[in-house]
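K.L.:
The sequence shown begins at 78 in the working numbering and counts up one residue at a time.
Just so you know, even glycine gets a beta-carbon here, dropped at the ideal spot from N, CA and C.
Computed from a predicted model, the values in this text were never measured in an experiment.
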Amino acid sequence: MIDGGAFDGPLGVVSALAAVDRLRAEGFEPGVPIGIGAFVEEEGSRFGMPCLGSRIAAGVLPAEKALRLTDRTGVELRQALEEAGIDPAGVGPSPLMQRMGTFVELHVEQGRGLTAPVGVASSIWPHGRYRFTFTGEANHAGTTLMEDRHDPMLTYAMTALAANKQARLAGARATFGRVAVEPNGTNAIPSQVTAWLDARAADTATLESLLAAITRLSTERAERDGTTVEVTAESVSPIVDFPAGLRDRLSDVLGGAPVLPTGAGHDAGVFSAAGIPTAMLFVRNPTGVSHSPAEYAEPDDCLAGVEALAAVLKDLAK
């Protein structure tokens, strides 16, 4: 994750290793095999595809399509793997999928919804990434009259404001966090602005309605600015409702741990969509800050997460 925190992702991997070590130290002998999975690119920070590793492992994303993904500098995933000494021929669905009975993911909570040290996920909000391409006319910043401009930056700016307002009205989330400008000169009106919208909502209907409203307002603004706007869905993930029976079982094992939804995407959502019984544990985040170096979880809560994961694994594998 670009400028991300130390807990989003790493906490789950370290906790899984520690939980298995804890079970071994107790002398626990599982009735079924327990495996640990660590997946690359959950955030899609480099190659633009969220949950890249789990999508490939689950067979949701074809290997050839994955290998053609490029980063911002034009480097393909295939090339990046080769440069790292990894054979791209090994990229593809994991044979372990056929043996996976239950998938449990531990993750730091990414909001302020959890007041106990550990909680259980009920669902993952549907979410999507959409590319907005605003096209106008490049011109001189000093000599072009304001009324003669076809400025796509203005259309983008008003779209960002509209997205903020529409998300607040819908109780949803809308974020423009990445922008590319051409020609990107201080003294030039841009010819094109490309901006990426991250949109999320509690249900699919609200998400679709939110996107439609933002697109409509953006298009109307483009008409007034003498520009154009094109919207492309780069990735859309449906709502994930974790199995109620499994969810409640985990909560009971943990002494009635609180159950809560999340607006963040996770590898667990990929495996759930692939038909694997899936559950998630959350570790409390006292500030709610995430995707930032300020992200934090108390050491005692992290240890409580390890204990919780060990208890869950022991119950599921007995």
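Taking only the alpha-carbon atoms, compute the straight-line gap between Pro354 and Glu182 and give it to the nearest angstrom.
P.N.:
Cα to Cα, Pro354 sits roughly 11 Å from Glu182.
K.L.:
Using only the alpha-carbon positions, how far apart do Tyr373 and Ser367 sit?
P.N.:
The straight-line gap from Cα to Cα measures roughly 8 Å.
K.L.:
Do you know offhand how far His204's Cα is from Gln156's?
P.N.:
One C-alpha to the other measures close to 29 Å.
K.L.:
Give the C-beta separation of Ser92 and Leu386 to the nearest angstrom, bearing in mind that I take them to be a contact with Cβ-Cβ under 8 Å.
P.N.:
Contact holds; Cβ gap of about 6 Å.
K.L.:
According to DSSP, is Asp148 part of a helix, a strand, or is it coil?
P.N.:
DSSP places Asp148 in coil when its eight states are reduced to three.
K.L.:
How far does the beta strand (DSSP E) with Pro100 in it reach, from first residue to last?
P.N.:
Note that residue 100 is Leu in the sequence shown here, rather than Pro. It is not in any beta strand (DSSP E) - Leu100 instead sits in the alpha helix (DSSP H) that spans 87-103.
K.L.:
Pull up the CB-CB distance for Val42 and Arg132, whole angstroms please, since I reckon it's below 8 Å.
P.N.:
As displayed, the chain neither begins before 78 nor continues past 395, which places residue 42 out of reach and without an answer.
K.L.:
Are there 16 or more other CB atoms within 10 angstroms of the CB of Ser199, so buried, or fewer, so exposed?
P.N.:
It is buried - the Cβ of Ser199 has at least 16 other Cβ atoms within 10 Å.
K.L.:
Who are Val306's beta bridge partners in DSSP?
P.N.:
Phe211.
K.L.:
Can you grab the Cα-Cα spacing for the pair Thr281 / Ala289, in whole Å?
P.N.:
So the alpha carbons of these two residues sit roughly 12 Å apart.
K.L.:
Which value, in whole angstroms, describes the spacing of the CA atoms of Ala251 and Val270?
P.N.:
Roughly 18 Å between the two C-alpha positions.
K.L.:
I'd like to confirm the pairing. Which residues does DSSP put opposite Asn216 in its beta bridges?
P.N.:
According to DSSP, Asn216 bridges with Ile266.
K.L.:
Is the beta carbon of Pro107 sitting closer than 8 Å to the one on Ala394?
P.N.:
Result yes, Cβ atoms of Pro107 and Ala394 sit closer than 8 Å.
K.L.:
Using only the alpha-carbon positions, how far apart do Leu390 and Pro338 sit?
P.N.:
Their Cα atoms are separated by approximately 21 Å.
K.L.:
Whole angstroms is fine: what's the gap from Arg324's alpha carbon to Val197's?
P.N.:
Whole-angstrom Cα-Cα distance: 7 Å.
K.L.:
Closer than 8 Å by C-beta to Ala371: which residues in its own chain qualify, once you throw out the five before and the five after it? Chain order, please.
P.N.:
Here the set comprises Gly82, Thr364.
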